[in-house]
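Sequences listed follow chains A, B, C and D, in order.
As numbered in the numbering used here, residues 584 to 791 make up the first sequence, in order.
As numbered in the numbering used here, residues 584 to 791 make up the second sequence, in order.
As numbered in the numbering used here, residues 584 to 791 make up the third sequence, in order.
As numbered in the numbering used here, residues 584 to 791 make up the fourth sequence, in order.
Note that the Cβ used here is the ideal one computed from N, Cα and C, for glycine as well.
Below is one structure; the comments refer to it alone.
There are 4 protein chains.
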Amino acid sequence: MSDPETSERRAAILAAAVRVFAREGFHACRVSDIAAEAQVGYGLVYHYFPSKEALLDTIFLERWGVMLDAIRAIDAGEPSAREKLAAIASFIFESYRREPDLMKVIIVEVTRAANSFGARHLDQIGEAYALIGEILSEAIRRGEVRAQTDVRFAAMAFYGVIEQVLTGWIFGLLPAGEEHFDRTKQAAIELVFDGLCGERGAQRRAGA
Amino acid sequence: MSDPETSERRAAILAAAVRVFAREGFHACRVSDIAAEAQVGYGLVYHYFPSKEALLDTIFLERWGVMLDAIRAIDAGEPSAREKLAAIASFIFESYRREPDLMKVIIVEVTRAANSFGARHLDQIGEAYALIGEILSEAIRRGEVRAQTDVRFAAMAFYGVIEQVLTGWIFGLLPAGEEHFDRTKQAAIELVFDGLCGERGAQRRAGA
Amino acid sequence: MSDPETSERRAAILAAAVRVFAREGFHACRVSDIAAEAQVGYGLVYHYFPSKEALLDTIFLERWGVMLDAIRAIDAGEPSAREKLAAIASFIFESYRREPDLMKVIIVEVTRAANSFGARHLDQIGEAYALIGEILSEAIRRGEVRAQTDVRFAAMAFYGVIEQVLTGWIFGLLPAGEEHFDRTKQAAIELVFDGLCGERGAQRRAGA
Amino acid sequence: MSDPETSERRAAILAAAVRVFAREGFHACRVSDIAAEAQVGYGLVYHYFPSKEALLDTIFLERWGVMLDAIRAIDAGEPSAREKLAAIASFIFESYRREPDLMKVIIVEVTRAANSFGARHLDQIGEAYALIGEILSEAIRRGEVRAQTDVRFAAMAFYGVIEQVLTGWIFGLLPAGEEHFDRTKQAAIELVFDGLCGERGAQRRAGA
DNA sequence: GATGAATGAGATTTCATTCAT
DNA sequence: TATGAATGAAATCTCATTCAT
Numbered sequence: 584m585s586d587p588e589t590s591e592r593r594a595a596i597l598a599a600a601v602r603v604f605a606r607e608g609f610h611a612c613r614v615s616d617i618a619a620e621a622q623v624g625y626g627l628v629y630h631y632f633p634s635k636e637a638l639l640d641t642i643f644l645e646r647w648g649v650m651l652d653a654i655r656a657i658d659a660g661e662p663s664a665r666e667k668l669a670a671i672a673s674f675i676f677e678s679y680r681r682e683p684d685l686m687k688v689i690i691v692e693v694t695r696a697a698n699s700f701g702a703r704h705l706d707q708i709g710e711a712y713a714l715i716g717e718i719l720s721e722a723i724r725r726g727e728v729r730a731q732t733d734v735r736f737a738a739m740a741f742y743g744v745i746e747q748v749l750t751g752w753i754f755g756l757l758p759a760g761e762e763h764f765d766r767t768k769q770a771a772i773e774l775v776f777d778g779l780c781g782e783r784g785a786q787r788r789a790g791a
Numbered sequence: 584m585s586d587p588e589t590s591e592r593r594a595a596i597l598a599a600a601v602r603v604f605a606r607e608g609f610h611a612c613r614v615s616d617i618a619a620e621a622q623v624g625y626g627l628v629y630h631y632f633p634s635k636e637a638l639l640d641t642i643f644l645e646r647w648g649v650m651l652d653a654i655r656a657i658d659a660g661e662p663s664a665r666e667k668l669a670a671i672a673s674f675i676f677e678s679y680r681r682e683p684d685l686m687k688v689i690i691v692e693v694t695r696a697a698n699s700f701g702a703r704h705l706d707q708i709g710e711a712y713a714l715i716g717e718i719l720s721e722a723i724r725r726g727e728v729r730a731q732t733d734v735r736f737a738a739m740a741f742y743g744v745i746e747q748v749l750t751g752w753i754f755g756l757l758p759a760g761e762e763h764f765d766r767t768k769q770a771a772i773e774l775v776f777d778g779l780c781g782e783r784g785a786q787r788r789a790g791a
Numbered sequence: 584m585s586d587p588e589t590s591e592r593r594a595a596i597l598a599a600a601v602r603v604f605a606r607e608g609f610h611a612c613r614v615s616d617i618a619a620e621a622q623v624g625y626g627l628v629y630h631y632f633p634s635k636e637a638l639l640d641t642i643f644l645e646r647w648g649v650m651l652d653a654i655r656a657i658d659a660g661e662p663s664a665r666e667k668l669a670a671i672a673s674f675i676f677e678s679y680r681r682e683p684d685l686m687k688v689i690i691v692e693v694t695r696a697a698n699s700f701g702a703r704h705l706d707q708i709g710e711a712y713a714l715i716g717e718i719l720s721e722a723i724r725r726g727e728v729r730a731q732t733d734v735r736f737a738a739m740a741f742y743g744v745i746e747q748v749l750t751g752w753i754f755g756l757l758p759a760g761e762e763h764f765d766r767t768k769q770a771a772i773e774l775v776f777d778g779l780c781g782e783r784g785a786q787r788r789a790g791a
Numbered sequence: 584m585s586d587p588e589t590s591e592r593r594a595a596i597l598a599a600a601v602r603v604f605a606r607e608g609f610h611a612c613r614v615s616d617i618a619a620e621a622q623v624g625y626g627l628v629y630h631y632f633p634s635k636e637a638l639l640d641t642i643f644l645e646r647w648g649v650m651l652d653a654i655r656a657i658d659a660g661e662p663s664a665r666e667k668l669a670a671i672a673s674f675i676f677e678s679y680r681r682e683p684d685l686m687k688v689i690i691v692e693v694t695r696a697a698n699s700f701g702a703r704h705l706d707q708i709g710e711a712y713a714l715i716g717e718i719l720s721e722a723i724r725r726g727e728v729r730a731q732t733d734v735r736f737a738a739m740a741f742y743g744v745i746e747q748v749l750t751g752w753i754f755g756l757l758p759a760g761e762e763h764f765d766r767t768k769q770a771a772i773e774l775v776f777d778g779l780c781g782e783r784g785a786q787r788r789a790g791a
């Protein structure tokens, strides 16, 4: 109860920070905006977090950790690489559907911020690519995926497709309604596995 | 010669801004850093540009315009969609090879900056996706690409793969030596057209 | 026992404040540092003292009162001015030997702090000079000290010598080991009474 | 002219800082008070000085350097130790007469500030004592001063007498009018050389 | 054109103090 | 008594921008 890590107010500040970072951007917003959004005095923000940066670090680390765990669980649970990647894409798209602000903050403020937070959390970011890469390596061994595939490239490409779709949603360049999530997830998997002109993959799925 | 748009000093300031934005980030750097990099007094920056933001706007608009022109030219010149997209990927990778700082700035500071420059230049950014989308629409009509493909999605996915590779180079997560540019370009096209498990595409190219 | 003035915790807080003020300085330290040093919650500091300033006021007033009492007792008890001043110097040096932190705080944070605590406690500080001055006035009447001596000046000079020695110890500019206390006390009295070149005084004492 | 070290505005800021530090104390005053006193925007303070602390450092170092130079010159120029110390006392008292605020700042905020500026400038402060100590060592060799004198102690005591007189003036505990400077200087030298009861020294001077 | 001194709004952060428990 | 979460005034410092030269 008195553990500061589980304080309700702390959680409220974190949630407010997500909304404010998403709405105004990390650099454009002020700590007092976050405090106001959380309906607390802004001194309390500094009671729980040493700095504005620490807020974003905490948000990212917590969420990214959840994603890494999810990827590991998927890797352990699903049978084929195709289903694994589909599950990963599902998880990320579902994350966006449920918490678009959080995903926006992670992508816009961390994942591409090569000069600040991205550089700081490179290990965490790279870990995601590595996990996806391992799934692909295994798929090559099983014959699921072409042998000559560059695993590292393919992992990044797969993640790039997903992140770009998210970016499209964030910017309003791609329709984001409920009905699109599933279709887009399917399309992403199809693209990565079968390509734009691969009838075989399409047929295989049609027959299934 | 006396056209302020073509002044040598102006160009030096712009080039310096690219280097400094790439090195330190737009928010972290100071106008005086840019002036120092350009070896001019920082008052001169304000002689040529109304604000720090205008520098980044200018950098982005100029370069993005060149890219849009290139895409249009490629669209007009190449025979097949595959070759068109290959040429576009080539152009972008080549741009990075020649001017990595410039591309880093565009991707990191503009293209994903949903709350600031990205939002400001959404029309320009969207135009690129639209052009790629048109290439794909045409390809569907010609039967080059599966009919059921969601063109908007596919355009973003294609660009997402490219941007992610660039991001990998920027972060040092992907090997960036000279020899990788071509191979990666090929892999990107192959992935998008043939997918990870499409032998047909690979064979087709092997036979060519 | 239940008198808040004599509470054990209160005393612990006061003692902790002395250590912390001595170690970090009044301005540089935080109330929570004092509470941590006293091993109490920092709310308790405010239970016993109305403010951080009140802590220093209490420390100073308490100790300075002890010193004034001691001076008065010495004045009443010792026969000659020389012995009186020697006893005063002894008392102060002894105070530093036993409680260097306390004396450091009094000198550094109060006695010379012309814009804050020094000004606030000017009456108390001046009282010490006045008492010493009275001893010297009496000594002049008795012929112990030169008639033309400016008593106020001499009192301050005497105290100045003592305080400077303490400052030297505080800063580590003067050797502060046990063996130096007595020697320094003698030297201070000799200097004030006999000066640097007065053999007579030295001889007189040697003969005694 | 354009040397920032000799800028008029910079000098105005420094002079204003002296007045404000003297009037309100280093900790109690705000940088904006200094800027207002100097009649400049407070950004300019940071144009010339990196921090509020740097202002005090600069003030101290500049002035203390002048004093050390003066002491060295006096050491080289005067014949006897008595005259040397008299000249040093003169110089310091004269400094206070001409620039009481400056001397107040140096004594109150630096020379006794064991936890902040005093500690930072200990070398400079100690150098003054060392120079005075050398004068006394030489005086012992020449027989001017008792052989058994502890030089380090005596140097600090001498300086302590002077500083205490200054403190008395600062606090208004000692009369500070023009006519007192000379008398006090004489008294300080007499005290240190002849002591409170040394007729010999007094006679010697009376006869001179 | 070119410079950099000058400005001041505004941001982060600290920490003495209050107060509910 | 005792605690420490909560508050917010206030301080330092940064830096984009202006402007006199």
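Distance between beta carbons of residue j and residue i, contact taken as under 8 Å
i                     : j                     : result
residue 676 (chain B) : residue 639 (chain B) : That belief does not hold up - the Cβ atoms of residue 676 (chain B) and residue 639 (chain B) are roughly 23 Å apart, past 8 Å.
residue 757 (chain C) : residue 739 (chain D) : 6 Å
residue 776 (chain A) : residue 778 (chain B) : 5 Å
residue 612 (chain A) : residue 603 (chain A) : 5 Å
residue 698 (chain D) : residue 691 (chain C) : 7 Å
residue 599 (chain B) : residue 617 (chain B) : 5 Å
residue 732 (chain D) : residue 745 (chain D) : Contact doesn't hold; Cβ gap of about 18 Å is too wide.
residue 610 (chain A) : residue 763 (chain B) : Between residue 763 (chain B) and residue 610 (chain A) the Cβ distance is about 33 Å, and since that is not below 8 Å, they are no contact.
Nearest-angstrom Cα separation, counted from residue j out to residue i
i                     : j                     : result
residue 714 (chain B) : residue 647 (chain B) : 13 Å
residue 626 (chain D) : residue 596 (chain D) : 11 Å
residue 770 (chain A) : residue 684 (chain A) : 24 Å
residue 632 (chain C) : residue 673 (chain C) : 32 Å
residue 711 (chain C) : residue 772 (chain C) : 17 Å
residue 619 (chain A) : residue 642 (chain D) : 43 Å
residue 652 (chain B) : residue 743 (chain B) : 20 Å
residue 589 (chain C) : residue 606 (chain C) : 25 Å
residue 703 (chain B) : residue 678 (chain A) : 27 Å
residue 766 (chain A) : residue 759 (chain A) : 11 Å
residue 592 (chain B) : residue 615 (chain B) : 15 Å
residue 749 (chain D) : residue 650 (chain D) : 15 Å
residue 780 (chain B) : residue 725 (chain A) : 12 Å
residue 658 (chain B) : residue 629 (chain B) : 39 Å
Contact check, residue i vs residue j, beta carbons under 9 Å
i                     : j                     : result
residue 716 (chain B) : residue 730 (chain B) : no
residue 608 (chain A) : residue 696 (chain B) : yes
residue 727 (chain C) : residue 680 (chain C) : no
residue 654 (chain C) : residue 671 (chain C) : yes
residue 747 (chain B) : residue 707 (chain A) : no
residue 719 (chain B) : residue 741 (chain B) : yes
Per-residue contacts from residue i into chain C (C-beta, under 9 Å)
i                     : result
residue 699 (chain D) : 608, 610 and 611
residue 739 (chain D) : 744, 747, 748, 750, 751, 756 and 757
residue 600 (chain D) : Going along chain C, no residue has its Cβ under 9 Å from residue 600 (chain D), so there is no contact; the nearest lies around 14 Å.
residue 709 (chain D) : 754 and 756
Within chain D, partners of residue i - CB distance below 7 Å
i                     : result
residue 779 (chain C) : 728, 729, 732, 737, 775 and 776
Neighbour list for residue i in chain B, Cβ cutoff strictly below 9 Å
i                     : result
residue 767 (chain A) : 733 and 736
Residues that residue i contacts on chain B, provided the C-beta gap is smaller than 7 Å
i                     : result
residue 712 (chain A) : 756
Interface residues of chain A facing residue i [CB-CB closer than 9 Å]
i                     : result
residue 649 (chain B) : Going along chain A, no residue has its Cβ under 9 Å from residue 649 (chain B), so there is no contact; the nearest lies around 21 Å.
residue 716 (chain B) : Near residue 716 (chain B) there are no residues of chain A at all, since even the closest Cβ is about 11 Å away, more than 9 Å.
Partner residues on chain C for residue i, Cβ-Cβ distance less than 8 Å
i                     : result
residue 687 (chain D) : 697
- prompt: What are the uninterrupted segments assigned as alpha helix (DSSP H) that are 4 or more residues long and contained completely in the region 696 to 735 of chain C, given in chain order?
  reply: 700 to 703 and 705 to 725
- prompt: In chain order, which alpha helix (DSSP H) runs of at least 4 residues are fully inside the region 600 to 672 of chain B?
  reply: 614 to 621, 625 to 631 and 635 to 660
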